[in-house]
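Take a look at the structure set out below.
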Amino acid sequence: MRYVPRCTKDAETGRMSGISPRIEGMEQIILDILAALRCGEKVDNDALVRLVHAQAKRSGGDKRAFAKRRLLPFYQRVKREEPERWASWRVTPELEEQLLRVLRMKPRRSASGVATITVITKPWPCGSDCRYCPNDVRMPKSYLHDEPACARAEQNCFDPYLQVSTRLTALSQMGHATDKIELIVLGGTWSDYPRGYQIWFITELFRALNDDAISGVAANPMLAEPGQDKGAVLASTEDVPEGVVRRRARYRDLGIPSDEETLAAFARDAQRAVDAGELRYNQAVTELYGSSNAWANAARYQHATLEELERQQRLNETARHRMVGLVIETRPDAISAEALTLIRRLGCTKVQMGIQSTDQRILDANERRISVARIAESFDLLRAFGFKIHAHAMVNLLGATPEADKRDYARLMTEPSFQPDEVKLYPCALIEGARLCRDFEAGRWRPYTEDELIDVLVADTLATPAFCRISRMIRDFSSDDIKAGNKKPNLRQLVEARLAQGERDGGPRVREIRFREVGTHAIDREDLRLKALSYATSNTQECFLQWVDSQNRISGFLRLSLPDRAYVEQHARELPVAPGEAMIREVHVYGMATAVGEEGRAAQHLGLGRALVERACELACSAGYSYLNVISAVGTREYYRHLGFVDHGLYLRKEL
Ligand code: SF4
Numbered sequence: 165m166r167y168v169p170r171c172t173k174d175a176e177t178g179r180m181s182g183i184s185p186r187i188e189g190m191e192q193i194i195l196d197i198l199a200a201l202r203c204g205e206k207v208d209n210d211a212l213v214r215l216v217h218a219q220a221k222r223s224g225g226d227k228r229a230f231a232k233r234r235l236l237p238f239y240q241r242v243k244r245e246e247p248e249r250w251a252s253w254r255v256t257p258e259l260e261e262q263l264l265r266v267l268r269m270k271p272r273r274s275a276s277g278v279a280t281i282t283v284i285t286k287p288w289p290c291g292s293d294c295r296y297c298p299n300d301v302r303m304p305k306s307y308l309h310d311e312p313a314c315a316r317a318e319q320n321c322f323d324p325y326l327q328v329s330t331r332l333t334a335l336s337q338m339g340h341a342t343d344k345i346e347l348i349v350l351g352g353t354w355s356d357y358p359r360g361y362q363i364w365f366i367t368e369l370f371r372a373l374n375d376d377a378i379s380g381v382a383a384n385p386m387l388a389e390p391g392q393d394k395g396a397v398l399a400s401t402e403d404v405p406e407g408v409v410r411r412r413a414r415y416r417d418l419g420i421p422s423d424e425e426t427l428a429a430f431a432r433d434a435q436r437a438v439d440a441g442e443l444r445y446n447q448a449v450t451e452l453y454g455s456s457n458a459w460a461n462a463a464r465y466q467h468a469t470l471e472e473l474e475r476q477q478r479l480n481e482t483a484r485h486r487m488v489g490l491v492i493e494t495r496p497d498a499i500s501a502e503a504l505t506l507i508r509r510l511g512c513t514k515v516q517m518g519i520q521s522t523d524q525r526i527l528d529a530n531e532r533r534i535s536v537a538r539i540a541e542s543f544d545l546l547r548a549f550g551f552k553i554h555a556h557a558m559v560n561l562l563g564a565t566p567e568a569d570k571r572d573y574a575r576l577m578t579e580p581s582f583q584p585d586e587v588k589l590y591p592c593a594l595i596e597g598a599r600l601c602r603d604f605e606a607g608r609w610r611p612y613t614e615d616e617l618i619d620v621l622v623a624d625t626l627a628t629p630a631f632c633r634i635s636r637m638i639r640d641f642s643s644d645d646i647k648a649g650n651k652k653p654n655l656r657q658l659v660e661a662r663l664a665q666g667e668r669d670g671g672p673r674v675r676e677i678r679f680r681e682v683g684t685h686a687i688d689r690e691d692l693r694l695k696a697l698s699y700a701t702s703n704t705q706e707c708f709l710q711w712v713d714s715q716n717r718i719s720g721f722l723r724l725s726l727p728d729r730a731y732v733e734q735h736a737r738e739l740p741v742a743p744g745e746a747m748i749r750e751v752h753v754y755g756m757a758t759a760v761g762e763e764g765r766a767a768q769h770l771g772l773g774r775a776l777v778e779r780a781c782e783l784a785c786s787a788g789y790s791y792l793n794v795i796s797a798v799g800t801r802e803y804y805r806h807l808g809f810v811d812h813g814l815y816l817r818k819e820l
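With the working numbering applied, the sequence shown covers 165 to 820.
Below you can see the structure in the form of structure tokens.
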């Protein structure tokens, strides 16, 4: 079927123009894909690349003009704005599902069941000053301005609403369902920020989701024409929600920069002083932002009340984009019952915290300024509040050896005082300006060789129990920023290749969750079994329920926590729970995130979640508990109400 152009509106950018060979070409590629799918042919990435190349050749154009990332937004725009033209393509719902599968970018992004958005808080001092920690004064402590989420934050003046809008726009244009969102808030230590700022930041995250703050294709710098100024695209107000336009104008009026040149000039002297060791990060950041009228004026409206937050939360319960997980990042010494009560009121469900090591000698050598006992206390408190615990663990810190690292990690995974639910496991990398540079130059620290590093990470992965998920193995540092240490972005693949080979050779099997996730595979309900794994922590008995298939792939899981009566009684004054109350700390069902109401063979639609919750009720009841709490995200409250839970303080609760 050869297409004859009929309209003069640029269907990718939405701008009026003459008949464009590029638009003609994109439509032809879509029609070619549809024709192949109708014939039952498989259109994989290679086939798509061939279609793109063939079209570029036919139209004598640049193949970048037909890049995969442009095709889906083009399709979506035609469907939305030119219904007659779209109707002429005769796309049935089944065909569309197949087409989206072909055009979707980075399918893994939503393969865990939810789409994830990472946002960054504004630069702020940290209560600690660890030797290895980067000192980029344009960022909150430990982040670098050229990490992807950080660059996005700077372009959006660290505004939470704008960051969510940018990401939501990109995700939907890449073809991901965005009805279930996990928001990850990163930036040093959450509880070090003023209470008003914490409440405002989270309120704005909810507001952006509730406002459906998605811009059109014309405003997406990722889809700029070859040679087009991305800054100009970002500054454009065409096809941009009103809330976004208003906020951008406000930051412009305040004089907060968002372009690279001005940002670099603003921070240059302070950064030079920090790198030269003349100033500590905390001093530099306090002076730099404290003396800036623009930042001081911005801070005046960066606060909100709990009433406004709760209003946005209620709206989100039934919004199009629901927050099904909210994660904040903090240090163990900032964990207190008071801090956790506020964090819970904000709607948070998971806490990320930097542990790095459970060896006091290593903590001291790296000037972490914390004791192992305080770390253990923070784990207890987080579990008692029902939070999912995401620990950061580092290898190759100052003073470590490969063998000591393996022992250290095994302790984190197996000792009842620790046992996180999720872990970011990554090697220490030397970043310009970190105080570790002096140890490197003096020969006190050296990066592990690639072999040593992989050997440690392989051992650590094998030591990770079935209830724990290794979410990452590297930081998002660019190789230009790394002075010494691993520069391979595919480190995890190298480790997993070694592990997979080990399994084929009859070696030990990997138990950690991410390695076993069903991902984008179809799920056969008949092949699933519900397995329970119990383990004791210092203040709870945990029961990890998981749906696994015959290949041990995981399709869903639930974390049931049965608190020790003695612990709860001892801390009765500070805890929001009473003796006799069990807690569901997490329910996660996998499968490609599909929009609410869409049919699919994903695990989310097979009733796996409900069965997990019912089993948890039975187990808690037979263990003698009278109530079962669930630490629900705001966007999943409706789901639990549907299952018979009722709102109760910081949780939803069911009488057993
Ligand atoms: S606590 Fe975290 S952010 Fe603060 S200095 Fe240490 S590593 Fe950096």
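C-beta: ideal position from N, C-alpha, C; glycine also.
If you drop the 5 nearest sequence neighbours on each side, which residues of the same chain put their C-beta closer than 6 Å to that of residue i?
i: residue 717; result: 680, 682
i: residue 200; result: 207
i: residue 550; result: 747, 749, 795
i: residue 745; result: 791, 793
i: residue 459; result: 453
i: residue 762; result: Confidence at residue 762 is low in this model, with a pLDDT of 38, below 50, so its placement is unreliable and the value that follows should be read with caution. Correct list: empty, nothing qualifies.
i: residue 612; result: 560
i: residue 474; result: none
i: residue 743; result: 729, 732, 733
Identify whether residue i lies in helix, strand or coil by the three-state DSSP scheme.
i: residue 155; result: The requested residue 155 does not occur in the structure, where the chain is confined to residues 165 to 820.
i: residue 190; result: helix
i: residue 435; result: helix
i: residue 331; result: helix
i: residue 817; result: strand
i: residue 622; result: helix
i: residue 308; result: coil
i: residue 762; result: Interpretation of residue 762 is limited by its pLDDT of 38, a score under 50 that renders its predicted location unreliable; the figure taken from the coordinates is listed afterwards. If DSSP states are grouped into helix, strand and coil, residue 762 belongs with coil.
i: residue 780; result: helix
i: residue 577; result: helix
i: residue 659; result: helix
i: residue 348; result: strand
i: residue 379; result: coil
i: residue 357; result: coil
i: residue 570; result: helix
i: residue 565; result: coil
Among the residues of its own chain, which have a CB less than 7 Å from the CB of residue i, if the five just before and after it don't count?
i: residue 411; result: 323, 325, 326
i: residue 800; result: 488
i: residue 765; result: Note that residue 765 scores a pLDDT of 46, beneath 50, so its modelled location is shaky; the value from the coordinates is reported in the next line. Answer for residue 765: 686, 687, listed in chain order.
i: residue 330; result: 316, 320
i: residue 783; result: 707, 724
i: residue 675; result: 628, 629, 630
i: residue 774; result: 807
i: residue 626; result: 672, 674
i: residue 651; result: 643
If I measure Cβ to Cβ from residue i and keep anything under 8 Å in the same chain, skipping five residues before and after, which residues do I get?
i: residue 438; result: 299, 301, 444, 445, 448, 597
i: residue 688; result: 713
i: residue 739; result: 501, 548, 549, 732
i: residue 450; result: 289
i: residue 822; result: Beyond the ends of the chain as shown, which are 165 and 820, falls residue 822; an answer cannot be given.
Taking the DSSP output, what are the residues bridged to residue i?
i: residue 292; result: Paired residues: none, contrary to the question.
i: residue 811; result: 816
i: residue 590; result: 558
i: residue 552; result: 514
i: residue 721; result: 710, 752
i: residue 794; result: 748, 816
Step through the CB atoms of chain C and report whether any lies within less than 7 Å of the CB of residue i.
i: residue 635; result: The structure shown contains no chain C, having only a single protein chain.
Query raised in the report: Hey, which unbroken runs of the alpha helix (DSSP H) at 4 residues or more fall wholly within the segment 460–538?
Result: 470–480, 501–509, 524–529
Requested in this report: May I ask you to verify whether the segment 259–268 touches the segment 279–296, counting CB pairs closer than 8 Å and requiring at least 3?
Outcome: Contact fails between the segment 259–268 and the segment 279–296, because fewer than three Cβ pairs, one in each stretch, are under 8 Å apart.
Query raised in the report: Touching or not, the segment 302–310 and the segment 338–353, by the rule of three or more beta carbon pairs under 8 Å?
Result: yes
Query raised in the report: Taking three-plus beta-carbon pairs below 8 Å as touching, is the segment 482–497 in contact with the segment 529–547?
Result: yes
Requested in this report: Determine, using beta-carbon pairs with one atom in the segment 242–252 and one in the segment 208–221, whether at least three such pairs fall under 8 Å.
Outcome: no
Query raised in the report: Which residue spans inside the segment 677–718 form an unbroken beta strand (DSSP E) run of at least 3?
Result: 693–700, 704–712
Query - Start-end ranges of the alpha helix (DSSP H) lying completely within the segment 210–257, minimum 4 residues - result: 232–245, 247–251
Report task. Determine contact between the segment 515–535 and the segment 552–559, defined as no fewer than three beta-carbon pairs at a distance below 8 Å. Result -> Counting Cβ pairs under 8 Å, three or more are found: they touch.
Query raised in the report: Are the segment 658–667 and the segment 575–582 in contact at 8 Å, needing three or more beta carbon pairs?
Result: Because the criterion of three Cβ pairs below 8 Å is not met, the segment 658–667 and the segment 575–582 do not touch.
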